[in-house]
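In my numbering, the protein residues as written are 11 to 126.
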């Protein structure tokens with residue numbers, strides 16, 4: 011595993027940025043939480059615990075109960091890179107989350123974001 015700076019960033023510092031991005035576009039924190047829980051398998055309580063901890067992104071994803079089986083349906087570009095082509099598993103998971111938050115902020119319906 012390569013050592014990207016983002017891996018050591020605290021999830022508790024990044025989470026409010028996801029919420030702010032969504033709220034600026036008229037979406038809600040509840041929708042952000044729903045997306046994160048869908049992707050990672052965390053319960054709302056487990057997610058709240060993670061937001062309150064100082065766990066970095068590597069630990070956040072390592073402790074995630076289970077990635078959603080539909081994660082392979084997440085496709086597209088984040089930061090100029092196609093998420094489905096990212097080789098590092100942790101970086102791919104982080105970019106999946108980024109992509110889902112981007113879709114939320116762009117007004118995509120929740121059922122489409124969660125690949126229903």
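Cβ atoms here follow ideal geometry from the backbone N, Cα and C, with glycine treated the same way.
- Task: Counting only runs of 4+ residues fully inside the stretch 61-122, write out the alpha helix (DSSP H) ranges in chain order.
- Result: Counting only runs of 4 or more, we get 67-72, 99-115.
- What does residue 20 pair with, by DSSP beta-bridge criteria? The residue labelled residue 20 in the question sits at position 10 within the chain shown. The partner list for residue 20 (beta bridge, DSSP) reads 66.
- Sub-7 Å separation of residue 84 and residue 118 beta-carbons: Counted from its first residue, the chain shown places residue 84 at position 74. Counted from its first residue, the chain shown places residue 118 at position 108. Here residue 84 is not near residue 118, since their CB atoms are 7 Å or more apart.
- Query: For residue 112, which residues of its own chain have a beta-carbon under 7 Å away from its beta-carbon, when the five flanking residues on both sides are left out?
  - Reply: Residue numbering aside, residue 112 sits at position 102 when the chain shown is read from its first letter. Taken in chain order, the residues that qualify are 88.
- Message: Tell me the DSSP secondary structure of residue 11 in three-state form.
- Response: Reading the chain shown from its first residue, position 1 is the one you call residue 11. Residue placement at residue 11 is poorly supported in this model, since its pLDDT is 45, which falls under 50; the coordinates are not used for a value here.
- Item | Which listed residue (70, 92, 39) has its alpha carbon closest to that of residue 16 | Numbered from its first residue, the chain shown carries residue 16 at position 6. Considering only 70, 92, 39, the residue with the shortest C-alpha distance to residue 16 is 70.
- Query: Just reading off the alpha helix (DSSP H) that residue 50 is part of, what are its end residues?
  - Reply: Taking the first residue of the chain shown as position 1, residue 50 is located at position 40. Note, residue 50: alpha helix (DSSP H), 39-50.
- Query: Roughly how many whole angstroms lie between the Cα atoms of residue 80 and residue 125?
  - Reply: Residue numbering aside, residue 80 sits at position 70 when the chain shown is read from its first letter. Residue numbering aside, residue 125 sits at position 115 when the chain shown is read from its first letter. Taking the straight line from one Cα to the other gives about 7 Å.
- Message: Please classify residue 105 as buried or exposed, where buried requires at least 16 other C-beta atoms within 10 Å of its C-beta.
- Response: Residue numbering aside, residue 105 sits at position 95 when the chain shown is read from its first letter. The residue in question, residue 105, is buried, as its Cβ has 16 or more Cβ neighbours within 10 Å.
- Item | 7 Å Cβ shell around residue 102 - same chain, five flanking residues per side excluded | Residue mapping note: residue 102 aligns to position 92 of the chain shown, counting from 1. Residues 93, 96 of the same chain have their beta carbon placed closer than 7 Å to that of residue 102, with the five preceding and five following residues left out of the count.
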